[in-house]
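Trainee: My numbering numbers the first residue of the sequence shown as 3 and each following residue consecutively.
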Amino acid sequence: MIATDTATEAEAERLLRALLHVDCEPGGRTWNYETCRAIAPLTFEINRIKKEKDAIILAHSYVEPEIIYGVADFRGDSYYLSLKAREARAKVIVFAGVVFMAETAKILSPEATVVVPDRNSGCSLADSLNGDGLRQLKALYPDATVVCYINSTADVKAESDVCVTSGNVYHIVANLPAKRILFVPDRLMGQNLRDELKRRGVQKEIITSDGTCIVHDEFGPADIAEARGRYPGLKVVAHPECTPEVAAAADFVGSTGSMMKFVKTSAAPYYLMLTECGLVGRLQVEAPEKVFIAGCRLCPYMKLNSLEKVRDALIAPRPDQIITLDEGLRLRAARCIDRMFELSPTI
Ligand code: SF4
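(1) Is the beta carbon of VAL100 closer than 8 Å to that of MET304?
(2) Can you give me the start and stop residues for the alpha helix (DSSP H) that GLU207 sits inside?
(3) Which whole runs of the alpha helix (DSSP H) in the stretch 286–326 are 4 residues long or more, in chain order?
(4) Is ILE339 helix, strand or coil when you go by DSSP?
(5) Can the beta-carbon of ILE41 be found closer than 8 Å to that of ILE317?
(6) Got a sec? Which residues, its chain only, sit under 8 Å from PRO246 by beta carbon, not counting five neighbours each side?
(7) Counting pairs of Cβ atoms below 8 Å between the stretch 8–19 and the stretch 270–287, do you hit three or more?
(8) Is it right to say VAL293 is buried, meaning 16 or more other beta carbons lie within 10 angstroms of its own, or is it exposed?
(9) From GLY169, GLU344 and SER308, pick the residue whose C-alpha is nearest to that of VAL255; which is it?
(10) Using three-state DSSP, classify ALA240 as helix, strand or coil.
(11) Take the Cβ of GLN286 as the centre, count every other Cβ of all protein chains shown within 10 Å, and call the residue buried at 16 or more, exposed below.
(12) Would you give the residue range spanned by the alpha helix (DSSP H) that CYS215 belongs to?
(13) Mind checking which residues open and close the alpha helix (DSSP H) that includes LEU21?
(14) Only counting runs of 4 or more residues, tell me where the alpha helix (DSSP H) segments fall wholly within the stretch 76–103, in order along the chain.
(15) Answer yes or no: do ARG182 and GLU207 have a C-beta to C-beta separation smaller than 8 Å?
(16) So, at 8 Å on beta carbons, what are the nonlocal neighbours of ARG350 in its own chain, with the 5 sequence-adjacent residues on each side left out?
(17) What are the uninterrupted segments assigned as beta strand (DSSP E) that are 3 or more residues long and contained completely in the stretch 136–209, given in chain order?
(18) Which residues does DSSP pair with LEU274 in a beta bridge?
(19) Measuring only the C-alpha atoms, how far is LYS200 from ALA176?
(20) Going by beta carbon distance, what residues of the same chain come within less than 7 Å of CYS125, once the five residues before and after it are set aside?
(21) Find the nearest neighbour of SER63 within the set PHE76, GLU54 and ALA57, judged by alpha-carbon distance.
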């Protein structure tokens, strides 16, 4: 079914209402009726095909806003989307994010066909360690409990005792009986974990591998000092994938979901968001009264997603777009994620 002019215009108006306030865009794009009208036939088509195929689209907060507000059924951070993947009864899950997230969806929804718009959407963190590398680390620390951040590959999850997210990492690690923790693959989050547990008076030895997020490890304390000088009353909001120096200088450090909650409930006039720009775009939509000063950065992997690739993956996915996992590995990875759901304070 081709969209009629009336249907396309209604779709363009729907998009405009959602995207009007977004001005944190790669290439300086602005959203107005013309730009929304230009993509409306495509979002209309994707939403139609989605119903025909019994598909859902999960979109991470860092992908382009036209995906998040144009076609996604659920939008959010890794933890929220992993819950939605677990609950999904759809035949097809299109995961607009990066490959490790789609793998997580496949681990939790094995009956569904899980597809990614672009197979090259890796992640500097997840790709820093594979199952072989983790087995070598485990041999060095045989008495350690292995905790993997959700930003890890399926084979790393299969080798780990429990998975964590940026929202539940402190709670879960603090309550594990082991004194020695091998935390992979994020070195900076591991350092922040070490500092936070010390602050809470929890005795743990945290050993880390050497991965970092190429977006969050780029921020420095100088960015914060310079911004505070220009904007009195500024609130600095950072992700725990940032360096410990940045975390120490920020007003709030937390997961993507808790960063959004902090901004929405704070009365401050200005915000410096030390994270991926997609989150700022979401806040411009969902908290349009707040002012965000420049400072966020783009994740090149997340930006490989596009509406055209979402449509193509939905209509006829190529083999490289379909996530497949060895069943034994999937079951071991599922056990590690299920352990997180059992130990998480948010369930
Ligand atoms: S923002 Fe960082 S952690 Fe997230 S996908 Fe990009 S590289 Fe990976």
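Heads up, the beta-carbon is just placed ideally off N, CA and C, and yes, glycines get one too. As the structure is a computational prediction, the values presented were derived from the model and not from experiment.
Mentor: In brief:
(1) Working through the sequence shown from its first residue, we reach residue 304 at position 302. Working through the sequence shown from its first residue, we reach residue 100 at position 98. Taking C-beta atoms as the reference points, MET304 and VAL100 count as a pair closer than 8 Å.
(2) On the sequence shown, position 205 is the one that residue 207 refers to. For GLU207, there is no enclosing alpha helix (DSSP H); the residue is found in the beta strand (DSSP E) stretching over 207–210.
(3) For the stretch 286–326, whole alpha helix (DSSP H) runs of length 4 or above, ordered along the chain, are 309–317.
(4) Locating residue 339 in the sequence shown gives position 337, counting from the first residue. Three-state result, ILE339: helix.
(5) For the purposes of this step, residue 41 is identified with residue 39 of the sequence shown, where counting begins at 1. For the purposes of this step, residue 317 is identified with residue 315 of the sequence shown, where counting begins at 1. No, these two residues do not count as a Cβ contact at 8 Å.
(6) Translated into the one-based positions of the sequence shown, residue 246 becomes position 244. The beta carbon of PRO246 lies closer than 8 Å to those of LEU190, GLN193, ASN194 and ASP197 in the same chain, with the five residues before and after it left out.
(7) No, because fewer than three Cβ pairs between the stretch 8–19 and the stretch 270–287 fall closer than 8 Å, the two stretches do not touch.
(8) Taking the sequence shown and counting its residues from 1, one reaches residue 293 at position 291. Residue burial is scored here from C-beta neighbours: VAL293 has fewer than 16 other C-beta atoms within 10 angstroms and is therefore classed as exposed.
(9) Within the sequence shown, numbered from 1, the residue matching residue 255 stands at position 253. Nearest C-alpha to VAL255: GLY169.
(10) Looking up residue 240 in the sequence shown gives position 238. Reduced to three states, the DSSP call for ALA240 is strand.
(11) Indexing the sequence shown from 1 puts residue 286 at position 284. Buried, since its Cβ has 16 or more Cβ neighbours within 10 Å.
(12) For the purposes of this step, residue 215 is identified with residue 213 of the sequence shown, where counting begins at 1. Neither: CYS215 is in no alpha helix (DSSP H) and is coded neither H nor E.
(13) By 1-based counting over the sequence shown, the position of residue 21 is 19. 7–21 is the extent of the alpha helix (DSSP H) around LEU21.
(14) Complete alpha helix (DSSP H) runs here, min 4: 80–89.
(15) Taking the sequence shown and counting its residues from 1, one reaches residue 182 at position 180. Taking the sequence shown and counting its residues from 1, one reaches residue 207 at position 205. Remark: C-beta atoms of ARG182 and GLU207 approach each other more closely than 8 Å.
(16) Past the boundaries of the shown model lies residue 350; the chain is included only from 3 to 349, so the question cannot be answered.
(17) Runs of the beta strand (DSSP E) inside the stretch 136–209: 147–151, 164–166 and 182–186.
(18) As a working note, residue 274 is residue 272 in the sequence shown. Partner(s): VAL238.
(19) Within the sequence shown, residue 200 is the residue found at index 198, counting from 1. Within the sequence shown, residue 176 is the residue found at index 174, counting from 1. Rounded to whole angstroms, LYS200 and ALA176 show a C-alpha spacing of 10 Å.
(20) By 1-based counting over the sequence shown, the position of residue 125 is 123. When the five nearest sequence neighbours on each side are left out, the beta carbons in the same chain lying within less than 7 Å of the beta carbon of CYS125 are those of VAL100, PHE102, ASN153 and TYR303, in order along the chain.
(21) Here residue 63 corresponds to residue number 61 of the sequence shown, with the count starting at 1. With respect to the C-alpha of SER63, the residue from PHE76, GLU54 and ALA57 having the closest C-alpha is PHE76.
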